[in-house]
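Residue numbers (our numbering): 2 to 566. Just so it is clear, CB atoms sit at the ideal spot from N, CA and C, and this is done for glycine as well.
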Amino acid sequence: MLFAAVLHLLWLWLIASGGGDLAAQDAWAEFVGRHPDSAYNLAWYGGMHPVSYSVISPYLMAVFGVRPMLILSGVLSAGLLALILVRARAVRRPMAPALCGAVAFACNAASGRVTFAMGTCFALAAVAVVWACPDRWRHLRKTRGAAAALMSALATAGSPVSGLFLMVVGAALALSHRRPAAAAIGVPPPLVVGMSALLFPFTGQMPMPWWSAAFPLVSSLSVRFLAPPNWRVVRRGAEVYTAGILATWVFPSQVGANVERLGLMFGVVALVALLPMVTHRSRRWVALVMALVVVGGWQLFKPTWDVVNTTPAAAWAHDLAPLVHQLKQVDADRGRVEVVPVSSHREASAFTPHVNLARGWNRQADTERNPIFYESDDLDSDRYHEWLRRWAVRYVVLSSDEPDIAAEGEARLVRSEPSYLRKVWSDENWELYRVTDPLPLAAPPASDSRSESGGVTVEVRTPGQVLVRVPWSPWLGLVNENGRRVKPPEHLSGNRNGCLRPAEPMSSEPTTVVPDPADAEGGEEGEEPVKDEWTVLDAPRAGTYRLAAPYRLPRGTPCPDGTED
């Protein structure tokens, strides 16, 4: 633990920058700190549920701090891993793999994965209850099972990816005929994920390049074929993990490239633990050393690449104030601001205290709601114009920093200054453009609207149905000026204070561009444009309506059945 603590403090002192995944963690912690009772964050992608990201991590980070939680999780994980290795009779020399584990947790810190670090800490606690329980507690089977199940549930609540990896452990235990332990570890994760998905819907796909499958496969297959037969659970786990990697590669899902993390964290640990058990200079020894070189090199290269490519430019720390001042002078809060994503993704946390962004830093949500940025390197100007209008974007910000891989075409297009973008301000670090013909966040009969991360205020001049360009969530409701939930009407005739309902899904494809018939003929069967499901405010009278998403049951302020568009 001391070695892990030193490594994490060195990370904090020398590397931690606020870019990469840390930007996402900072943004979630900041939102929860400002709106602890809100179930819907409007600052990213029109709206996202904090629970769809992690059930407990944003709240722990908001209370204790992002970086302290990362350090604490990494150090405790190193201690738990060392305990498991020491208690495992099959591991002859636990010191070396334990030190490798401390390095792995520090590498995870370098990549900025706080949520995953917290989930991994609870996951290791669950495994420790099964494998490293003191002898005097071994007869307490039900208590140990309950403790393992609780830690497994907390691991999944901290990070769904950690819960997925616990399912690998649970499957390995089941295949090794240890069914009670398998149930305690493997059953809670799908229950937690299923419950959160039911209450807080989220869809999207995580891209998975070939190397995110290749290196984990080297790790899992090496452990499977080099581990001795008495490492039964480890061998079964490697088989399950291999199948999971291949399934994730073949079938697109929210997991995607995240599947590599189990191999990143524990591949070297397992291989180093095998070294004393292999005859020196034998064929197995040569294969083991080669696997260690590949997997260890990958473990060190990945965080190094993350640090090099996600460290934000100095302007994000020192020269942001002039741009924020300009945004406050204009009507940016009447819609959204598109900050062209940079490679560090620092924009995802730097701007959310001030404006709502059209995008953010969640690759699954970005591919789901904004596929035009992933279809080709050259972004079509007309489609981009329609995309800006679709998301009620009023201003576009272009940084001098390196753009994200999914924003290179957008950066080139904005820099070319198309007719629908008018530059209103710039300095050596930033360019601010106004969209000349934005769509309003709230359509007529609304006369005005103002938004911030916790809600939207809509001014309605005459009674009617108002289309609000906020993605529908069952948690959305109406609140009064004190933030208290407005009771939904029981009948249409009793709608005196307003209610909300989802709009009919509408195509997100451009409405002003005539498609090329040749393109239609050559397209894949079954391809459909993304459908937007916005929110409709049924306003029974003129006045001010406040949309928010407090944690209340029953959820929201739904309109009674029978309304029509």
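Please determine if the region 446-457 and the region 334-342 are in contact, where contact requires at least 3 C-beta pairs separated by less than 8 Å.
-> yes
Give the straight-line distance between the Cα atoms of T512 and W392, rounded to the nearest whole angstrom.
-> Within the sequence shown, numbered from 1, the residue matching residue 512 stands at position 511. Within the sequence shown, numbered from 1, the residue matching residue 392 stands at position 391. Note that T512 scores a pLDDT of 45, beneath 50, so its modelled location is shaky; the value from the coordinates is reported in the next line. Their Cα atoms are separated by approximately 14 Å.
Less than 8 Å separating the beta-carbons of A111 and A127?
-> Position 110 of the sequence shown, counting from 1, holds the residue named residue 111. Position 126 of the sequence shown, counting from 1, holds the residue named residue 127. In this structure, A111 sits away from A127, with a CB-CB distance that is not shorter than 8 Å.
Which one of S197, A172, R114 and Y396 has the shortest CA to CA distance from A154?
-> The residue you call residue 154 lines up with position 153 of the sequence shown. Closest option to A154, Cα to Cα, is S197.
Should A147 be labelled buried (16 or more other beta-carbon atoms within 10 Å of its own) or exposed?
-> Translated into positions along the sequence shown, residue 147 becomes position 146. Exposed.
Cα separation between G527 and A244?
-> Start at 1 with the first residue of the sequence shown, and residue 527 comes out as number 526. Start at 1 with the first residue of the sequence shown, and residue 244 comes out as number 243. With a pLDDT of 44 at G527, under the threshold of 50, the modelled position of this residue cannot be trusted; read the value that follows with caution. Spanning the two alpha carbons is a distance of roughly 28 Å.
Is there a Cβ from chain D that is less than 8 Å from the Cβ of P69?
-> Annotation note: the requested chain D is absent from the structure, which comprises a single protein chain.
Examine the Cβ distances between the region 366-385 and the region 432-442 and report whether three or more of them are shorter than 8 Å.
-> no
Opposing strand residues paired with Y434 [DSSP bridges] = For the purposes of this step, residue 434 is taken as the residue at position 433 of the sequence shown. Answer is V397 and K424.
Could you tell me if E348 is buried or exposed, where buried requires 16 or more neighbouring beta carbons within 10 angstroms of its beta carbon?
-> What you label residue 348 is simply residue 347 of the sequence shown in a count that begins at 1. Label assigned to E348: buried.
Exposed or buried, F32, counting other C-beta atoms within 10 Å across all chains shown (16 or more means buried)?
-> As a first step, residue 32 must be located in the sequence shown, where it is residue number 31. By the neighbour-count rule (16 or more Cβ atoms within 10 Å), F32 is buried.
In whole angstroms, what is the alpha-carbon distance linking L125 and L321?
-> Looking up residue 125 in the sequence shown gives position 124. Looking up residue 321 in the sequence shown gives position 320. Distance between the alpha carbons of L125 and L321: 40 Å.
Excluding the five sequence neighbours on either side, which residues of its own chain have a C-beta within less than 7 Å of the C-beta of A333, listed in chain order?
-> Along the sequence shown, one-based indexing puts residue 333 at 332. So the list reads V356, R395 and Y396, once near-sequence residues are dropped.
Consult DSSP for N42 and reduce its assignment to one of helix, strand or coil.
-> Working through the sequence shown from its first residue, we reach residue 42 at position 41. Of the three classes helix, strand and coil, the one that applies to N42 here is strand, per DSSP.
In angstroms with no decimal places, state the Cα-to-Cα distance between R262 and G268.
-> In the sequence shown, the residue the question calls residue 262 occupies position 261. In the sequence shown, the residue the question calls residue 268 occupies position 267. Those two C-alpha atoms are separated by around 9 Å.
The region 13-28 contacting the region 296-313, beta-carbon criterion three pairs below 8 Å = yes
T116 (DSSP reduced to helix, strand or coil) = The residue labelled residue 116 in the question sits at position 115 within the sequence shown. Judged by DSSP in its simplified three-state form, T116 adopts helix.
Mind checking whether L501 and L477 have CB atoms under 8 Å apart?
-> The residue you call residue 501 lines up with position 500 of the sequence shown. The residue you call residue 477 lines up with position 476 of the sequence shown. Taking 8 Å as the Cβ cut-off, L501 and L477 qualify as a contacting pair.
Buried or exposed: which applies to Q330, given that a residue is buried once 16 or more other Cβ atoms fall within 10 Å of its Cβ?
-> Translated into the one-based positions of the sequence shown, residue 330 becomes position 329. Per the 10 Å Cβ criterion, exposed.
Close Cβ partners of D402 (< 6 Å) along its chain, the five nearest in sequence each way excluded | As a working mapping, residue 402 is identified with position 401 in the sequence shown. Excluding positions up to five away in sequence, the list reads A314 and V343.
Nearest CA to the CA of R485: which residue from V461, M209 and G557?
-> Taking the first residue of the sequence shown as position 1, residue 485 is located at position 484. Considering only alpha carbons, the answer is G557.
Can you give me the Cβ contacts of G410 inside the same chain, cut-off strictly under 8 Å, excluding the 5 residues immediately before and after it?
-> In the sequence shown, counting from the first residue as 1, residue 410 sits at position 409. If we look at G410 and ignore the five residues flanking it on each side, its Cβ neighbours are F374, S377, D378, D379 and L380.
Out of M49, A107 and V67, point me to the one whose CA is closest to L8's CA.
-> What you label residue 8 is simply residue 7 of the sequence shown in a count that begins at 1. Minimum Cα distance to L8 is reached at A107.
Where DSSP assigns a beta bridge to R137, which residues make up the other side?
-> One-based indexing of the sequence shown puts residue 137 at position 136. DSSP output for R137 lists no bridge partner at all.
Please report how far the alpha carbon of P506 lies from the alpha carbon of G47, in whole angstroms.
-> The residue labelled residue 506 in the question sits at position 505 within the sequence shown. The residue labelled residue 47 in the question sits at position 46 within the sequence shown. Their backbone Cα atoms lie some 15 Å apart in a straight line.
Return the CA-CA distance between R364 and A443, expressed in angstroms with no decimal places.
-> On the sequence shown, position 363 is the one that residue 364 refers to. On the sequence shown, position 442 is the one that residue 443 refers to. Computed Cα separation, rounded: 27 Å.
Determine the extent of the alpha helix (DSSP H) in which A5 is found, giving its start and end residues.
-> Indexing the sequence shown from 1 puts residue 5 at position 4. First-last of the alpha helix (DSSP H) with A5: L3 to L15.
Tell me, please, which residues DSSP counts as bridged to Y546.
-> In the sequence shown, residue 546 corresponds to position 545, counting from 1. Looking at the DSSP assignment, Y546 forms a beta bridge with V459.
Around the C-beta of A540, are 16 or more other C-beta atoms found within 10 angstroms, so that it is buried, or is it exposed?
-> What you label residue 540 is simply residue 539 of the sequence shown in a count that begins at 1. Under this definition A540 is a buried residue.
Report the rounded CA-to-CA distance for L414 versus S55, giving the unit in angstroms.
-> On the sequence shown, residue 414 is found 413 positions in, with the first residue counted as 1. On the sequence shown, residue 55 is found 54 positions in, with the first residue counted as 1. Straight-line Cα distance between these residues: approximately 35 Å.
Using three-state DSSP, classify G465 as helix, strand or coil.
-> Position 464 of the sequence shown, counted from the first residue, corresponds to residue 465. G465 falls in the strand class under three-state DSSP.
Hey, A172 and F123 are a contact pair by Cβ (cut 8 Å); roughly how many whole angstroms apart?
-> Position 171 of the sequence shown, counting from 1, holds the residue named residue 172. Position 122 of the sequence shown, counting from 1, holds the residue named residue 123. Contact doesn't hold; Cβ gap of about 19 Å is too wide.
The alpha helix (DSSP H) spanning E240 covers which residue range?
-> If you number the sequence shown from 1, residue 240 lands on position 239. Where E240 is concerned, the enclosing alpha helix (DSSP H) stretches over R233 to V251.
Buried or exposed (CB count within 10 angstroms, at least 16 for buried), F216 | Numbered from its first residue, the sequence shown carries residue 216 at position 215. Result: buried.
Is G297 helix, strand or coil when you go by DSSP?
-> Working through the sequence shown from its first residue, we reach residue 297 at position 296. In this structure, G297 counts as helix in the three-state DSSP scheme.
R470 to P190, Cα distance in whole Å?
-> Your numbering for residue 470 matches position 469 in the sequence shown. Your numbering for residue 190 matches position 189 in the sequence shown. Those two C-alpha atoms are separated by around 34 Å.
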